[in-house]
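>
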């Protein structure tokens, strides 16, 4: 029996263990979140407390409950997850190539719009002259526009570090106007749901935003994990990503716990009621 035949079963067992660890951690986190005996609104607000100002006047409401992200962050994180999901379903799992210059320019314009709307909102808060009256739907639109760009950028960065180079990794992550139109329609649908105020939608939307936050932070951590392990561009199949993905998921959740905890601590010391 050769060394190669011994290594293959061991490698296969390690990959299966990694996939099992990721699935186990995911189920544990989901069960912990759902079974914790607090109202969903409080749990979701607490989970995202360190990532967003959560101003009630800037949030979308469903009867007496508000989404855990404000309108702008709902757009950013929500559109990010839509983009990542779209790229996965569209078979772009390993692509890491830049889109065309017109596509990049169009997506970058969203950041400009976000900046203008943010400065305008700040001027309004300071009771200074503004270009227009701030609106939550504008906060969502500029946030979603930026969220699509963020999804594309993180997708490219992660894939460039994770996957073993191949013909697919150099292909553009977005093919052109058709992809932009699809992502715009998906984001518009999300915005319509978020602004509907229909109470039965609160549960799925709140859970969706928590999932979006975890996914974004995990995707941000994944290439860093591989670089720290000095294992960049060495993964050849999804089965091999189990252990790095598990570490990234754990880091994402730890970051959320720490940032939320720090904000709660500061609010407690300052005598500021949370979620206000």
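In UniProt numbering, the protein residues as written are 1 to 276.
Ideal placement from N, C-alpha and C gives every residue a C-beta, glycine not left out.
1. Going straight from the alpha carbon of residue 225 to that of residue 133, what length do you get?
2. Measuring straight from C-alpha to C-alpha, what distance separates residue 233 and residue 159?
3. Do you know whose CA, among 193, 162, 214, 97, lies nearest residue 50's CA?
4. Roughly how many angstroms lie between the CA atoms of residue 102 and residue 148, to the nearest whole one?
5. To the nearest angstrom, how far is it from the Cα of residue 95 to the Cα of residue 154?
6. Please report the Cβ distance between residue 205 and residue 222, rounded to the nearest whole angstrom; I am assuming they are in contact, meaning their Cβ atoms lie under 8 Å.
7. Please name the residue, chosen from 245, 46, 210, that lies closest to residue 265 on a Cα-to-Cα basis.
8. For residue 75, which option in 171, 53, 139 has the closest C-alpha, if you only look at C-alpha atoms?
9. Could you have a look at residue 143 and say whether DSSP puts it in helix, strand or coil?
10. What residues match up with residue 163 in a beta bridge as DSSP calls it?
11. Please list, in chain order, all residues of the same chain as residue 124 whose beta carbon is under 6 Å from its beta carbon, the five residues on each side excluded.
12. How would you write the range of the alpha helix (DSSP H) that residue 253 sits in, first residue to last?
13. Assign residue 252 to buried or exposed, taking buried as 16 or more other Cβ atoms, counted over all protein chains shown, within 10 Å of its Cβ.
14. Using a 10 Å radius around the Cβ and a threshold of 16 neighbouring Cβ atoms, would you call residue 257 buried or exposed?
15. Does residue 166 pass the burial test, meaning 16 or more other C-beta atoms within 10 Å, or should it be called exposed?
16. Could you spell out where the alpha helix (DSSP H) holding residue 170 opens and where it closes?
17. Per DSSP, what kind of secondary structure is residue 273 in: helix, strand or coil?
18. Is it a yes or a no for the stretch 14-22 touching the stretch 234-253, going by three-plus beta-carbon pairs under 8 Å?
19. Quick check on residue 61: does DSSP put it in helix, strand or coil?
20. Less than 8 Å between the CB atoms is what I'm expecting for residue 185 and residue 152, so what's the real figure, rounded?
21. For residue 220, collect the residues of the same chain with a Cβ closer than 7 Å to its Cβ; drop the 5 residues on either side in sequence, then sort them by chain order.
22. Going by the DSSP bridge assignment, what does residue 177 pair with across the sheet?
23. Taking 8 Å as the limit between beta carbons, can you name the residues of its chain near residue 236, skipping five residues before and five after?
24. What are the boundary residues of the alpha helix (DSSP H) that residue 77 is part of?
25. Between residue 168 and the rest of its own chain, which residues show a CB-CB distance below 7 Å, the 5 nearest in sequence each way excluded?
26. May I ask you to report which of helix, strand or coil DSSP gives residue 15?
27. Whose C-beta lies closer than 7 Å to the C-beta of residue 212 among residues of the same chain, with five residues either side of it excluded?
28. Less than 9 Å separating the beta-carbons of residue 199 and residue 65?
On the basis of the data shown:
1. Here the question's residue 225 lines up with position 225 in the chain shown. Here the question's residue 133 lines up with position 133 in the chain shown. When rounded, the distance between both Cα atoms is 43 Å.
2. As a working mapping, residue 233 is identified with position 233 in the chain shown. As a working mapping, residue 159 is identified with position 159 in the chain shown. Near 8 Å, if we compare the C-alpha coordinates of residue 159 and residue 233.
3. On the chain shown, residue 50 is found 50 positions in, with the first residue counted as 1. The option with the nearest alpha carbon to residue 50 is 214.
4. Against the chain shown, residue 102 aligns to sequence position 102. Against the chain shown, residue 148 aligns to sequence position 148. A direct Cα-to-Cα measurement between residue 102 and residue 148 gives close to 15 Å.
5. One-based indexing of the chain shown puts residue 95 at position 95. One-based indexing of the chain shown puts residue 154 at position 154. One C-alpha to the other measures close to 12 Å.
6. Within the chain shown, numbered from 1, the residue matching residue 205 stands at position 205. Within the chain shown, numbered from 1, the residue matching residue 222 stands at position 222. Actually they do not touch by this definition, with Cβ atoms about 26 Å apart.
7. To locate residue 265, count along the chain shown from 1; it is residue 265. For residue 265, the nearest C-alpha among the options comes from 46.
8. By one-based count along the chain shown, residue 75 stands at place 75. Nearest of 171, 53, 139 to residue 75, Cα basis: 139.
9. If you number the chain shown from 1, residue 143 lands on position 143. DSSP, read as helix, strand or coil, puts residue 143 in helix.
10. As a first step, residue 163 must be located in the chain shown, where it is residue number 163. Answer is 235.
11. Here residue 124 refers to the residue found at position 124 when the chain shown is read from its first residue. Taken in chain order, the residues that qualify are 130, 134.
12. To locate residue 253, count along the chain shown from 1; it is residue 253. Run containing residue 253: 242-270, per the alpha helix (DSSP H) assignment.
13. Within the chain shown, residue 252 is the residue found at index 252, counting from 1. Buried is the label assigned to residue 252, since at least 16 other Cβ atoms lie within 10 Å of its Cβ.
14. Numbered from its first residue, the chain shown carries residue 257 at position 257. By the 10 Å Cβ count, residue 257 comes out exposed.
15. Position 166 of the chain shown, counting from 1, holds the residue named residue 166. Classification of residue 166: exposed, given that the 10 Å Cβ count is below 16.
16. The count along the chain shown starts at 1 and reaches residue 170 at position 170. That residue, residue 170, is in no alpha helix (DSSP H); it is neither H nor E in DSSP.
17. Position 273 of the chain shown, counting from 1, holds the residue named residue 273. Coil, per DSSP.
18. Judged by Cβ distances under 8 Å, the stretch 14-22 makes contact with the stretch 234-253, as three or more pairs qualify.
19. For the purposes of this step, residue 61 is taken as the residue at position 61 of the chain shown. Note: residue 61 maps to strand in three-state DSSP.
20. For the purposes of this step, residue 185 is taken as the residue at position 185 of the chain shown. For the purposes of this step, residue 152 is taken as the residue at position 152 of the chain shown. Wrong, their Cβ atoms sit about 16 Å apart, outside the cutoff.
21. Here the question's residue 220 lines up with position 220 in the chain shown. Taking residue 220 as the centre and dropping the five residues before and after it, the same chain places the C-beta of 154 closer than 7 Å to its C-beta, in chain order.
22. Counting from one through the chain shown, the residue named residue 177 turns up at place 177. Under DSSP, residue 177 forms no beta bridge with any residue.
23. Stepping through the chain shown from its first residue, residue 236 is reached at position 236. These residues qualify, in order along the chain: 163, 164.
24. Position 77 of the chain shown, counted from the start, is the residue given in the question as residue 77. The continuous alpha helix (DSSP H) containing residue 77 extends over residues 71-89.
25. Sequence index remark: in the chain shown, residue 168 carries index 168 (1-based). Cβ neighbours of residue 168 beyond the five flanking positions: 94, 95.
26. For this step, residue 15 is matched to residue 15 along the chain shown. Taken through DSSP and simplified to helix, strand or coil, residue 15 comes out as helix.
27. Position 212 of the chain shown, counting from 1, holds the residue named residue 212. Within the same chain, residue 212 has close Cβ partners 77, 78, 80, 81.
28. The residue you call residue 199 lines up with position 199 of the chain shown. The residue you call residue 65 lines up with position 65 of the chain shown. Result yes, Cβ atoms of residue 199 and residue 65 sit closer than 9 Å.
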